[in-house]
Amino acid sequence: MNRQQESGGVRSPSTQTKKSEDGELDMNHTTISRLGFYVALYGVVAILFWIGFFKYHPDEAAAIQGIVASSPLMAWLYDVASVNQVSAAIGTAEIIVGLLVAAYPISKKAGLVGGALASVIFLTTTSFLLTTPGVLHVSSLSGDTLAFPSLFGGFLAKDLVLLGASLVITGSAWQAVNAERNAQHTQDDALIADAA
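Each position in the sequence shown, counted from 1, maps to that position plus 1 in this note's numbering.
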């Protein structure tokens, strides 16, 4: 018995055992990654539904007016519609995009469109950090406590994470759509070869 065994040390695992352990680690990694992906996906869906439905409320319509009016990308909306109509239109778009993203498990094409549109939505809301007055200014929370960016700026900053999640969804759906297309081409080529 060698010194490591006498001292109760761990023996070097066999190649087969190591492969088994590596396989379990890979499976655990895959499971966690998959779980994380769907938490992100349905988190995006939940937020799109939540902010979308809330935009039908007059208080929310008034709350976003200053942000939208300050955005070079969206200010023109108030030239063609009322404050409430603009808010409702934005909310409707967010709900539709949420439905497309939610369809990812059954339709990768819908997920691709939804992920891309969600990316546009959150890229736009992230741009509000640069276009909304006072968002990046240091603001007092309570006397001697300061925050940078402002409280509202911090609220908008979360959209960076939502933008990242939307891009991951878009990339995953794009990869799946391409894989389906390649598989279909391979099947078609095989049928043509058999027919010949």
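From the three backbone atoms N, C-alpha and C, an ideal C-beta is built for every residue, glycine too.
Only a predicted model underlies this, so the values are computations on that prediction, with no experimental measurement involved.
Proximity winner among the options, relative to residue i (alpha-carbon distances)
i    : options                : result
L49  : A119, V81, F38         : A119
L130 : P106, L161, K109, G112 : L161
G116 : L101, I107, A82, Q188  : L101
A47  : H186, A103, L113       : A103
V98  : A82, W51, I33          : W51
V114 : Q66, A177, L36         : A177
I107 : G37, A174, L36, F55    : A174
Beta carbon of residue i nearer than 8 angstroms to that of residue j
i    : j   : result
T127 : I68 : no
L163 : V45 : yes
Y43  : A89 : no
G135 : G92 : no
A62  : N85 : yes
Residue interval of the alpha helix (DSSP H) (run including residue i)
i    : result
V121 : 109-132
Check: Whole alpha helix (DSSP H) runs in the region 32-103 with 4 or more residues, listed along the chain?
Finding: 59-71, 78-81, 84-103
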